[in-house]
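Asks:
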Amino acid sequence: MIEVNNISKAFDGQYVIKNISVVFETGKTNLVIGQSGAGKTILIKALVGLQEVDEGSINFDGRNFTSMNFKERKLLRQEFGMVFQGGALFDSLSVIENVMFPLKMFSKLTYPEKLERANFCLKRVNLDNINNLYPSEISGGMKKRVSIARSIALNPKYLFCDEPNSGLDPINAIIIDSLIKEITEEYQITTVINTHDMNSVMAIGDKVTFIYNGHKWWEGNKNQIMFTDNKELNNFIFASELTKIIKSKISS
Amino acid sequence: MHVFFHFGRYTKLMVKVFSRPEKFRVLLNQIFHEIDSLGINSLGIVIIISFFMGAVITLQAAYNIENPFIPLWLVGLGTRDSMILEFSSTIVGLILAGKVGSSIASEIGTMRVTEQIDALEVMGINSASYLIFPKIIAVVFINPFLTIVSIFIGVFSGWISGVLSGAVSSESYIYGIQYAFVPFYITYTLIKTVFFAFIITSVSAYEGYYCYGGALEVGKASTKAVVYSSLIILLFNVILTQLLLVQ
């Protein structure tokens, strides 16, 4: 469980997130939604320590991340997995080397054991026969899946995904969403996903937090979101023609 | 004020770079990889540049000696000392600042803008130490060898060009390159080379590491890496010469 208590972050005196408190639950896919520039990415970067918060605290199962020193954070981060928007695979390493990378750095496994684990992770994300290809030789969807495989190689307790299905076609986006949900439930991970994709919200939104202008504006789940009377959230979720049609059908 | 900001940030980065590495075996593999990619791959350009520099120094020296009382073996001595004291360390250093410096800045800069450095940090890896330390060690280790190669090639090409053009006889040139040899000059040039290697790698890595944006910013970082490392090399050339040669 990740507890975020009243965190704020400002750049040049301008707050990008302000007084956000939220609890991300274990074994659930916790979605953070909001418009571009709302503060979602800063929030997820604050969670993993890529951005220091100005106020507030972040606790990982009772461990206060914000007050930790560099060494303590390093240790805790070994329990993190992160899927970046562009995959962030290492260009100079092949697919299998990318997945083996965290194992090489932090495990005492022998080479065959590392290889076996990396192959297992790649199979888990339904990728076969691409072990020796380089990131530049695979598609965007594959990159995301390799990135998920790399992030679960060390059995993380916490998984962070920054817009994991952005830039993907609807079919691949659904595959990625389902994969993250399956992995979250199977390994009882605390998963936090940044997205502005309403399909993801409806498919895997166990818990949804809506960020608006740097503030937490709404909290609920996928079953509650369609019936909310929150004006800003309604403007966000019913922005597209498709969702407007769905809403009118639901209303009628 | 800007200079102080960059100097402070550079110092902080170097503290991160020289912290304890994650795994020594991984570090060793990376150092060998960097020696190959940044050092051995620069051998070709060092040989070519040194060959032409040595040849030109010899021809210019020979054709400028008009006084019949000045012996022609001074051409060999001049070529040898020019190569050892200045050309093989400083000029080759400047050329490597272009080749190695831009390569380091663009590699690390691209990793920054594509979030690969963030990925390392989230995994709990000290990205500065993991990416930059092996490069510094590799270039500091391999550059003195490149300098020695450059000296030999330069002196050798001077002999070839001098003899083939008829500007100086083979005997005179060989006598000249053996005359009044000061072994400390080799120590001096190697000390300079080590400093220059550190400047090239650390300044270029700094420019790449703090590059934010996209492809345009990576290009700018690469250019800045070459310009700043060249200027700092020239500054340190003066300082080190004053410190090491002036008695």
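Residue numbers (the working numbering), protein chains in the order written: chain A, 1 to 252; chain B, 1001 to 1247. The beta-carbon is built from N, C-alpha and C at its ideal position, and this holds for glycine as well.
Just checking my contact of G1176 (chain B) with A1062 (chain B) at CB under 8 Å: how many whole Å lie between their CB atoms?
Replies: Rounded, the Cβ-Cβ distance is 11 Å, inconsistent with contact.
Asks: Given this structure, state the Cα-to-Cα distance separating N223 (chain A) from M202 (chain A), to the nearest angstrom.
Replies: C-alpha separation (whole angstroms): 8 Å.
Asks: Give the interface partners of D1118 (chain B) over in chain A, defined as CB-CB distance under 9 Å, in chain order.
Replies: By Cβ distance, chain A contributes K45, V48, L50, M82, F84, A88.
Asks: Grab me the residues of W1073 (chain B)'s own chain with a C-beta within less than 6 Å of its C-beta, minus the 5 sequence neighbours each way, in chain order.
Replies: S1172, Y1175, G1176, listed in sequence order.
Asks: Against K74 (chain A), what residues of chain B qualify as contacts under a CB-to-CB distance less than 7 Å, listed in chain order?
Replies: Ordered by position in chain B, the residues that pass the 7 Å Cβ test against K74 (chain A) are G1124.
Asks: Flag this pair as yes or no: are the beta carbons of N5 (chain A) and G56 (chain A) separated by less than 7 Å?
Replies: Yes, the pair counts as a contact, with Cβ atoms nearer than the cut-off.
Asks: Using 8 Å for Cβ pairs, my map puts I1049 (chain B) next to V1139 (chain B). What's the rounded Cβ distance?
Replies: The Cβ separation is near 17 Å, so there is no contact.
Asks: When we look at the beta-carbon of E1034 (chain B) and count the other beta-carbons within 10 Å, is it buried (16 or more) or exposed?
Replies: It counts as buried.
Asks: Helix, strand or coil: how does DSSP classify E1022 (chain B) here?
Replies: Looking at E1022 (chain B) - three-state DSSP - the assignment turns out to be coil, as it is neither helix nor strand.
Asks: Can you look up N64 (chain A) in the DSSP assignment and give me helix, strand or coil?
Replies: Three-state result, N64 (chain A): strand.
Asks: Apart from the five residues on each side of it in sequence, which residues of its chain come closer than 7 Å, Cβ to Cβ, to T256 (chain A)?
Replies: This structure cannot speak to residue 256 (chain A), because chain A is shown only from 1 to 252.
Asks: Against chain A, which members of the region 1016-1035 of chain B pass a CB distance test of less than 7 Å?
Replies: Correct list: E1022, K1023, V1026.
Asks: I'd like the list of long-range same chain contacts for L233 (chain A), defined as Cβ closer than 8 Å, with 5 residues on each side in sequence excluded.
Replies: Same-chain partners within the cutoff: F210, Y212, W217, W218, I225.
Asks: Quick one: grab the DSSP three-state call for M100 (chain A).
Replies: Looking at M100 (chain A) - three-state DSSP - the assignment turns out to be helix.
Asks: Apart from the five residues on each side of it in sequence, which residues of its chain come closer than 7 Å, Cβ to Cβ, to F238 (chain A)?
Replies: Once the five neighbours on either side are set aside, the close Cβ partners of F238 (chain A) are K244, K247.
Asks: Taking contact to mean 3 or more Cβ pairs, one atom from each stretch, closer than 8 Å, check whether the region 1208-1221 of chain B and the region 1106-1115 of chain B are in contact.
Replies: With a cut-off of 8 Å, the region 1106-1115 of chain B and the region 1208-1221 of chain B count as touching, because enough Cβ pairs lie within range.
Asks: Give the residues of chain A in contact with E1121 (chain B), contact being defined as C-beta atoms less than 7 Å apart.
Replies: Within chain A, the residues near E1121 (chain B) are L50.
Asks: By the criterion of Cβ-Cβ separation under 9 Å, what are the contact partners of T1201 (chain B) in chain A?
Replies: Within chain A, no residue comes near T1201 (chain B); the closest Cβ sits about 18 Å away, beyond 9 Å.
Asks: Across which residues does DSSP place L31 (chain A) in a beta bridge pair?
Replies: The partner list for L31 (chain A) (beta bridge, DSSP) reads A:I193, A:V208.
Asks: Starting from the N-terminal side, write out each stretch of the beta strand (DSSP E) that is 3 residues or longer and does not extend beyond the region 1055-1087 of chain B.
Replies: Qualifying beta strand (DSSP E) stretches: none in this window.
Asks: Note down, in chain order, every chain B residue with its Cβ under 8 Å from the Cβ of Q14 (chain A).
Replies: Those within 8 Å of Q14 (chain A) in chain B number zero; the least Cβ separation is about 18 Å.
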